[in-house]
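Comments concern the structure below.
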Amino acid sequence: MRIEHFAIYAENTIELADWYCEKFGLKVVFRNEQQPPVFFVADEAGMSIEIIGRPPRAQPIDFGDVFHFAFIVDDFDATVAELTEKGVPFEDEIQFADGAVRICYFADPAGNRGQVVYRSQPL
Numbered sequence: 001m002r003i004e005h006f007a008i009y010a011e012n013t014i015e016l017a018d019w020y021c022e023k024f025g026l027k028v029v030f031r032n033e034q035q036p037p038v039f040f041v042a043d044e045a046g047m048s049i050e051i052i053g054r055p056p057r058a059q060p061i062d063f064g065d066v067f068h069f070a071f072i073v074d075d076f077d078a079t080v081a082e083l084t085e086k087g088v089p090f091e092d093e094i095q096f097a098d099g100a101v102r103i104c105y106f107a108d109p110a111g112n113r114g115q116v117v118y119r120s121q122p123l
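Numbering (UniProt numbering), first residue to last: 1 to 123.
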């Protein structure tokens, strides 16, 4: 068993799918033409983000540190610099274990919280 995808809300699913494709190099692997459209955008390994419209009944979510998703990277500095140049808004970097783990959080245009993480040793 392995994780296939996770879902996030967006007011404009088309714009958010485009944002993840442009900024993070993800690819649209599925589009449902319902209104609003539902997208699955995936990385090269097939892990997907499902982007769904925020239903009117949905309560606001306080993401805090609890809800976020993470992109693992091999070159933290180069990745954060590239994404910053593309307009991804990062918070301050956090380091653990003398730099063995480095983290930067970002918020996408819909307010979903993500993270870029480097680990010298995989989990």
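Heads up, the beta-carbon is just placed ideally off N, CA and C, and yes, glycines get one too.
Where the beta strand (DSSP E) containing residue i begins and where it ends
| i | result |
| --- | --- |
| GLU50 | 48-53 |
| ILE94 | 94-96 |
| ALA70 | 69-72 |
Endpoints, alpha helix (DSSP H) assigned at residue i
| i | result |
| --- | --- |
| ALA78 | 76-85 |
| ILE14 | 13-24 |
Residue j beta carbon less than 8 Å from that of residue i
| i | j | result |
| --- | --- | --- |
| ILE49 | VAL41 | yes |
| LEU16 | ASP108 | yes |
| ILE72 | ARG113 | no |
| VAL88 | GLN95 | no |
Nearest to residue i (by Cα), restricted to the options the options
| i | options | result |
| --- | --- | --- |
| VAL117 | PHE30, GLY111, PHE106 | PHE106 |
| ILE14 | ILE52, ARG2, MET1 | ILE52 |
| ALA110 | ARG2, ASP98, GLY25, ALA10 | ALA10 |
| ASP43 | VAL101, GLU22, PHE96 | GLU22 |
| PHE69 | ALA58, VAL29, PHE30, MET47 | MET47 |
| GLN34 | PHE24, TYR20, ASN12 | ASN12 |
| GLU91 | ASP75, GLU82, GLU85, ILE103 | ILE103 |
| ALA58 | ILE8, ILE3, GLN121, MET1 | ILE8 |
Residue i - partner residues in DSSP beta bridges
| i | result |
| --- | --- |
| CYS104 | VAL116 |
| ILE8 | ILE51 |
| residue 138 | This structure cannot settle anything about residue 138, because the visible part of the chain is limited to 1 through 123. |
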